[in-house]
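Everything in the sequence shown is counted per the working numbering, starting at 1373 for the first residue and increasing by one.
From the three backbone atoms N, C-alpha and C, an ideal C-beta is built for every residue, glycine too.
Every value quoted in this text rests on a predicted model; they were computed, and no experiment measured them.
For reference, the structure is listed below as structure tokens.
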Amino acid sequence: MHTRTTAVALLLAGLGLGAAGCGAGPSPAAGGEPATVLDVHAAASLTDVFTELAEQFEAQHPEVEVSLNFAGSSALVQQIAAGAPADVLATADERSMAAAVDAGLVDGAPEVFATNVLTVVVPAGNPAGVGTFRDLAEPGVQVVVCAPQVPCGAAAERVEEAAGVRLSPVSEEGAVTGVLGKVVSGQADAGLVYATDARSAGDAVEVVEVPQASRAVTRPAVAALADADAPARQFLELVAGDRGREVLAGAGFGAP
């Protein structure tokens, strides 16, 4: 439903990337009428919240179909820079959003709409007996974290620094959902994930509180992409408005 700006075209040319088609065009709505497609790219940690908000948005705007894409924040920015159709971008932290702004992908000022913190999760039963953050550095403890370029990975490094503990992870994942999945499946003894992801996992994991996490708060941000149409602005209003904050709070996110 939009085209890339001249600045983005120059960015892609500099990267040696072809200009992929932008905008998904009309698709049939429930009543047979063409629907406007709203392409929303959001951090993996926002999956549950944005899925719920997208359903609410479609109910309020039956002429709009929301297409959701979830991945690590840095991967989302790369996808959009490479030409992926996009109207709204929601990153898990401000650093990733700043990369999108610097690349000329964003129209207007991004808005911080929540906060999140890390915690340690272990499989149900805590087979490795992890009780503190320092236990993660013990020999034989299989720890999984996010890659450093991903917001949850950058936050994990800040927690390590605050705790004075250096971890030796067995895996670095491209999204927080990858970390959580390995812990839930028993492929890891522990993992660093957002408190919201730990909450969504329910009884599949146990939580080990990390006092130092308060020194590594992440601030998710949302913005409309360049040349996005009115539905993108309306979706931003939903996310940052009262209903959005209610859904976010229900998922365990803090206020911005």
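Assign Ser1445 to one of two classes, buried (16 or more other C-beta atoms within 10 Å of its C-beta) or exposed (fewer than that).
Counting Cβ neighbours within 10 Å, Ser1445 comes out buried, since at least 16 surround it.
Going by DSSP, what residue range makes up the beta strand (DSSP E) through Gly1563?
Taken as a continuous stretch (DSSP letters only), the beta strand (DSSP E) holding Gly1563 covers 1562-1566.
If you count every other CB in all the chains shown that lies within 10 Å of the CB of Asp1569, and 16 or more means buried, which is it?
Asp1569 comes out buried.
Taking the CB atoms as reference points, tell me whether Val1517 and Leu1552 lie closer together than 8 Å.
No, the pair does not count as a contact, with Cβ atoms beyond the cut-off.
Give me the Cβ distance between His1590 and Ala1464, rounded to the nearest whole Å; I'm assuming they're in contact under 8 Å.
Correcting the residue identity first, residue 1590 is Thr in this sequence and not His. Indeed they touch by this definition, with Cβ atoms about 6 Å apart.
To test your reading of the DSSP string, which unbroken beta strand (DSSP E) runs of 3 or more residues are found completely within the region 1541-1625?
Correct list: 1543-1545, 1562-1566, 1577-1580, 1593-1597.
Is it the case that the region 1476-1487 contacts the region 1599-1611, given that we only count it when at least three CB pairs across the two stretches are under 8 Å?
Counting Cβ pairs under 8 Å, three or more are found: they touch.
With H, G and I counted as helix, E and B as strand and the rest as coil, what does DSSP make of Ala1401?
Note that Ala1401 scores 49 on pLDDT, short of 50, meaning its location in the model is unreliable; the coordinates nonetheless yield the value given after this. The answer is coil: DSSP assigns Ala1401 none of H, G, I, E or B.
Excluding the 5 residues flanking Thr1378 on each side, which residues of the same chain have their C-beta closer than 8 Å to its C-beta?
Note that Thr1378 scores 35 on pLDDT, short of 50, meaning its location in the model is unreliable; the coordinates nonetheless yield the value given after this. No residues qualify anywhere along the chain.
Got a sec? Which residues, its chain only, sit under 6 Å from Arg1587 by beta carbon, not counting five neighbours each side?
Ala1534.
Helix or strand or just coil, what does DSSP make of Ala1454?
Correct three-state label for Ala1454: coil.
Using the C-alpha atoms, what's the distance from Pro1592 back to Phe1409?
The displayed chain sequence assigns Val, not Phe, to residue 1409. Taking the straight line joining both Cα atoms gives about 24 Å.
By how many angstroms is the C-alpha of Val1449 removed from the C-alpha of Gly1574?
Approximately 30 Å, taken between the alpha carbons.
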